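Read in the numbering used here, the sequence shown has 36 at position 21, and its numbers run on one by one without any break.
Where is the CB? At the ideal position from N, CA and C, for every residue including glycine.
Since the structure is predicted, the reported quantities are computational estimates derived from the model, not experimental observations.
The structure appears right after this line, and notes come after that.
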Amino acid sequence: MGIETSISQPFCSRRQLMYRFVLVVIAVTLLTSSIARAASYLRINGIVVDPIMASGGGPHSYSGPNLEKNANLNSANLTNADLTNADLGGADLTWAART
Numbered sequence: 016m017g018i019e020t021s022i023s024q025p026f027c028s029r030r031q032l033m034y035r036f037v038l039v040v041i042a043v044t045l046l047t048s049s050i051a052r053a054a055s056y057l058r059i060n061g062i063v064v065d066p067i068m069a070s071g072g073g074p075h076s077y078s079g080p081n082l083e084k085n086a087n088l089n090s091a092n093l094t095n096a097d098l099t100n101a102d103l104g105g106a107d108l109t110w111a112a113r114t
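Have a look at this one:
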């Protein structure tokens, strides 16, 4: 009675590899499309910040109109957005969530 070894079984089947590949493609597509829709803002020194960053790091989830002077940002959810030196003179921030 010897130890039997099987080399005929591959580590992953082609179907499993294709499934994993499709999952990676979907994940990358979702990630890049969410970042591509991110809004920007203009700082008072003329630098455009794109995308808006969250105060904890990483892109902020806000994807509405760009933040700019005289923009209608009524009800915009800007909670935890890092808007350091944002030039928002005249922007309508009525009911906007911000901290």
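Cα atoms of P80 and A101: separation of roughly 14 Å, rounded to the nearest angstrom. Judged by pairs of C-beta atoms under 8 Å, the segment 57-73 does not touch the segment 34-47, as fewer than three such pairs exist. When DSSP assignments are scanned along the segment 35-86, no uninterrupted stretch of alpha helix (DSSP H) that is 4 or more residues long falls wholly within it.
Annotated as distal: S78 and V64, with beta-carbon spacing of 7 Å or more. Distance from the Cα of L82 is smallest, within the candidate group A106, G61, I62 and N60, for A106. When C-alpha distances from R58 are compared across W110, D97 and A111, the shortest belongs to D97. Taking each of V43, I41 and A91 in turn and checking the Cα distance to L108, the smallest one comes out for A91.
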